[in-house]
Amino acid sequence: MTASDIPQGFEPHTRKSPLTDPWEPLYSKKTDKAVIIGLRLAKPHTNGRGLIHGGLIAALADNAMGHSCAHVMGGVSSLVTIGLAVDFVGTAEVGQWLAVESEVVKTGRTVCFAQSLIKADDAVIARANATFRVVPKKEPV
Numbered sequence: 001m002t003a004s005d006i007p008q009g010f011e012p013h014t015r016k017s018p019l020t021d022p023w024e025p026l027y028s029k030k031t032d033k034a035v036i037i038g039l040r041l042a043k044p045h046t047n048g049r050g051l052i053h054g055g056l057i058a059a060l061a062d063n064a065m066g067h068s069c070a071h072v073m074g075g076v077s078s079l080v081t082i083g084l085a086v087d088f089v090g091t092a093e094v095g096q097w098l099a100v101e102s103e104v105v106k107t108g109r110t111v112c113f114a115q116s117l118i119k120a121d122d123a124v125i126a127r128a129n130a131t132f133r134v135v136p137k138k139e140p141v
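Under UniProt numbering, the residues of the sequence shown are numbered 1 to 141, in order.
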């Protein structure tokens, strides 16, 4: 994969997770209001029929919405998912650019609400919404 395969503004995603390690390379782009996560779809992202797996879409939507809430809240809190809903309205194929474009709907002292559109080459293939609990950040051990 070359830099020309990655849309402008995206950089390697620096927030690593054991869950997402097999899906690397992941990319992200920060705006004032969100963290957009993207990746070039490949065979490891597919289900048994060769289509992009819904679990990948759900996990990346959860990830992007949580990061977006933390970003909008100034990064002073951690968040854990209370609820997540995903509606699948299309499909994606290997080689397409998948982007999870989130929007923080409302933040509060104890919860944050977010929604996202998941797009494959700019065509909406899913939508998601989530509620997150705001929890104190743990100090590194």
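The C-beta atom is built at its ideal place from N, Cα and C for all residues, glycine as well. Predicted, not measured: the structure shown is a model, and the values here were computed from it.
Please identify the residue among M65, L26 and L117 whose C-alpha is closest to the C-alpha of H45. Here residue 45 refers to the residue found at position 45 when the sequence shown is read from its first residue. Nearest option by C-alpha distance: L26.
Pairwise C-alpha distance: N63 and Q96: The sequence position of residue 96 within the sequence shown is 96, counting from 1. The sequence position of residue 63 within the sequence shown is 63, counting from 1. Rounded to the nearest angstrom, the gap between the Cα atoms of Q96 and N63 is 20 angstroms.
Can you tell me whether S102 is helix, strand or coil according to DSSP? The sequence position of residue 102 within the sequence shown is 102, counting from 1. It is a strand residue.
One or two residues paired with V124 in a DSSP bridge: Position 124 of the sequence shown, counted from the first residue, corresponds to residue 124. For V124, the pairing in a beta bridge is given by DSSP as K119.
Rounded to a whole number of angstroms, what is the C-alpha to C-alpha distance between R40 and V111? As a first step, residue 40 is located in the sequence shown; it is residue number 40 there, counting from the start. As a first step, residue 111 is located in the sequence shown; it is residue number 111 there, counting from the start. Taking the straight line joining both Cα atoms gives about 32 angstroms.
Under 8 angstroms between C-beta atoms, does G48 make it to chain C? Going by chain labels, chain C is absent from the structure shown, which holds only one protein chain.
Run the CB neighbour count on I82, radius 10 Å, all protein chains shown included, and call it buried at 16 or more, exposed below. For the purposes of this step, residue 82 is taken as residue 82 along the sequence shown, with counting starting at 1. Exposed is the call here.
Roughly how far, in whole angstroms, is the beta-carbon of M65 from the beta-carbon of A99, given that I think they are within contact range, below 8 angstroms? Indexing the sequence shown from 1 puts residue 65 at position 65. Indexing the sequence shown from 1 puts residue 99 at position 99. A Cβ-Cβ separation of about 13 angstroms leaves M65 out of contact with A99 under the 8 angstroms criterion.
E11 classed as buried or exposed, judged by whether at least 16 other C-beta atoms fall within 10 angstroms: Taking the first residue of the sequence shown as position 1, residue 11 is located at position 11. That one is exposed.
Is it true that the CB of V76 sits closer than 8 angstroms to the CB of R127? Here residue 127 is taken as the residue at index 127 of the sequence shown, counted from 1. Here residue 76 is taken as the residue at index 76 of the sequence shown, counted from 1. V76 sits away from R127, with the two beta carbons spaced by 8 angstroms or more.
Check for me: the alpha helix (DSSP H) holding V72 runs from which residue to which? As a working mapping, residue 72 is identified with position 72 in the sequence shown. V72 -> alpha helix (DSSP H) spans G54 to V72.
Start and end of the beta strand (DSSP E) containing K138? Your numbering for residue 138 matches position 138 in the sequence shown. Looking at the DSSP string, K138 is not in any beta strand (DSSP E), and its letter there is neither H nor E.
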